[in-house]
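Heads up, the sequence shown is in our numbering, so the first residue is 1 and it goes up one at a time.
In what follows, a structure is listed as structure tokens, so that the remarks can point back to it.
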Amino acid sequence: MNKKLLYVINHIDWFWSHRLPLAQAAQNAGWDVHLAVTDADKDEQLKSYGFTGHDLPKSDQGFLPFTILKTILSIRKLILKEKPDLVHAITIKYAFITGLAARFCPNQNTVFTLAGLGYLFSGEGFKPKLLRAAIGPLLKFALKHKHAQIIFQNPDDMNLMIKRGFARPEQCHLILGSGVDTQSFKATALPQTDRPIVLMPTRLVHDKGIAIFIEAAKHVHKENPNIRFQIAGGITRNNPLAITENEMNAMIKDSPVEWLGKVSDMPALLEQTTLICYPSYYGEGIPKVLLEANACARPIITTDHPGCREAVKHGENGLLVAVKDAAQTAKAVLELMNKDSAELQKMANAARALAEKQFDVDLINEATIKTYDSAL
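Pasting the structure below:
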């Protein structure tokens, strides 16, 4: 009889975009894969892949106590009913919720992927500080015990959580990102054009550095009006840092930036792009867009910030810039755009090589399944 694996995930769309290859790899390794997520009962695709779906109550409203408690009780009930050999919860919020539920299920083995520390740890101001103080002791209780293994996507997050007492070193595993399918995201030659595109693919969240990108675009436009700037990303709901449609339109007004909205065919868009610029200061794991850019052989400009810096070797496949520094970001864009085509293509080739060596989804999934084995 196959071992039973229960994933607990925040959104079904996010499962399809980020974690389907992992679930399939687990299935191929002999696991009976179950998925607990909001609206699982409405998704017919799960059955076609051989997965079993379990519906969870909606929990999009941050850390509201009643909503959190309702979800904890729902997950505990599900664990006691299904008796999975292993539960894998992804994102810090669902690690917190699932961890608390699992503590009240005797000897339940768990794996938590903290795919960035998000708003909870990167947010500034009174509200996130109050939230950290309020849930800190409960988060330690949820994560720091002998039946839990924790996957971090960058070393800064891992070291911070150990230092602050949320994890023990022997629990921790470093796996760089969720991986990229290097067969779907293929390397193509940089476009030969008089109007090159600098692209920022992103969720519309303030701390992703969207305002910095727009300001940098204005600086560059004064020097070289032929360089085009685009933002690809749809409206994000239920995030305290989300940018509304009206805000976004106001931000790009009187700027050289085009907002494309949500784009479904990222490989096609990346093929038209010369550079990726991603000036984030969000609590990232490793942004999937940077893995995809590397796989498509596109030089990257991003911040010297946890999660972002892991995707770029400065001077080889791109450039690292200071956080919240539009002038330095603009200077980096001009520096790369002023390189001759052979030199820039060399950086592009280095990006592809890095994706194949460190970020290929098969390598990431293999490491994750080894973590499953160590958790039993």
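Every residue, glycine too, gets a C-beta built ideally from N, C-alpha and C.
Keep in mind that this is a model prediction, so the values were computed, not measured.
Inset, instruction - Leaving aside the five residues before and after leucine 344 along the sequence, list all residues of the same chain whose C-beta is less than 7 Å from its C-beta, in chain order. - result: Leu190, Pro299, Leu336
Legend entry - Environment of lysine 208 [buried if 16+ CB atoms lie within 10 Å]: buried
Legend entry - Whole-angstrom distance between alanine 232 and threonine 202, CA atom to CA atom: 6 Å
Legend entry - Other residues of its chain near isoleucine 72: CB distance less than 6 Å, five sequence neighbours each side excluded: Ile97, Leu100, Ala101
Legend entry - For glutamine 272, the three-state DSSP class (helix, strand or coil): coil
Inset, instruction - Would you please state the rounded distance, in angstroms, between the beta carbons of glycine 179 and glutamate 284? I believe it to be under 8 Å. - result: Wrong, their Cβ atoms sit about 15 Å apart, outside the cutoff.
Inset, instruction - With a threshold of 16 other CB atoms inside 10 Å of the CB of glutamate 44, please say whether the residue is buried or exposed. - result: exposed
Legend entry - the segment 26 to 42 / the segment 104 to 115 touching (three or more Cβ pairs under 8 Å): no
Legend entry - Neighbour flag for glutamine 345 against chain D, beta carbons, 7 Å: Going by chain labels, chain D is absent from the structure shown, which holds only one protein chain.
Legend entry - lysine 3 - containing beta strand (DSSP E), residue span: 3 to 8
Inset, instruction - Out of Asp85, Tyr94, Thr273, Pro267, point me to the one whose CA is closest to arginine 228's CA. - result: Thr273
Legend entry - Proximity to leucine 269 [Cα-Cα], best of Leu131, Met200, Asn349, Asn365: Met200
Inset, instruction - Please state if the CB of alanine 326 and the CB of glutamate 215 are separated by a distance shorter than 7 Å. - result: yes
Inset, instruction - Scan the segment 16 to 49 and note each continuous alpha helix (DSSP H) run of 4 residues or more that stays entirely inside, going in chain order. - result: 20 to 28, 45 to 48
Legend entry - Residues near asparagine 294 by beta carbon distance below 8 Å, same chain, minus five either side: Val180, Ile300, Ala311, Asn317, Ala351, Arg352, Leu354, Ala355, Phe359
Legend entry - First through last residue of the alpha helix (DSSP H) which encompasses phenylalanine 126: 126 to 143
Legend entry - Minimum C-alpha distance to glutamine 183 - residue among Pro267, Lys163, Leu56: Pro267
Legend entry - DSSP beta-bridge partners of cysteine 105: DSSP, once it has assigned bridges, lists no residue as partnering cysteine 105.
Inset, instruction - Just mark methionine 251 as buried or exposed, buried being the case when its beta carbon has 16 or more other beta carbons within 10 Å. - result: buried
Legend entry - Unbroken stretches of the beta strand (DSSP E), 3 residues or longer, contained in the segment 49 to 102: 52 to 56, 86 to 90
Legend entry - Beta-carbon proximity check, phenylalanine 152 vs leucine 174, cutoff 7 Å: yes
Legend entry - Continuous alpha helix (DSSP H) stretch holding leucine 334: start and end: 326 to 337
Inset, instruction - Could you check what DSSP says for leucine 120 in three-state terms: helix, strand or coil? - result: helix
Legend entry - Reduced DSSP category for aspartate 254 - H, G, I as helix; E, B as strand; rest coil: coil
Inset, instruction - Report all residues from its chain with a CB closer than 7 Å to the CB of valine 220; omit the five preceding and five following residues, and keep chain order. - result: Ile227, Ala330, Val333, Leu334
Inset, instruction - Find out if the Cβ-Cβ distance for the pair phenylalanine 213, cysteine 277 is shorter than 7 Å. - result: yes
Legend entry - Of the listed residues Gly118, Thr371, Ala187, nearest to cysteine 296 (C-alpha basis): Ala187
Legend entry - C-alpha distance - leucine 138 paired with valine 263, whole-angstrom precision: 38 Å
Legend entry - Whole-angstrom distance between phenylalanine 66 and glycine 234, CA atom to CA atom: 29 Å
Inset, instruction - Report back the beta-carbon spacing between arginine 132 and phenylalanine 141 to the nearest angstrom; my notes put them in contact at under 8 Å. - result: Actually they do not touch by this definition, with Cβ atoms about 15 Å apart.
Legend entry - Residues near lysine 144 by beta carbon distance below 8 Å, same chain, minus five either side: Gly165, Phe166, Ala167, Arg168, Gln171
Inset, instruction - Run the CB neighbour count on asparagine 249, radius 10 Å, all protein chains shown included, and call it buried at 16 or more, exposed below. - result: exposed
Inset, instruction - Mind checking which residues open and close the alpha helix (DSSP H) that includes proline 240? - result: It is not in any alpha helix (DSSP H) - proline 240 carries neither H nor E in the DSSP assignment.
Inset, instruction - Starting from alanine 353, follow the alpha helix (DSSP H) in both directions and report where the run begins and ends. - result: 341 to 354
Inset, instruction - Specify, as a first and last residue, the run of the beta strand (DSSP E) that histidine 173 falls within. - result: 172 to 174
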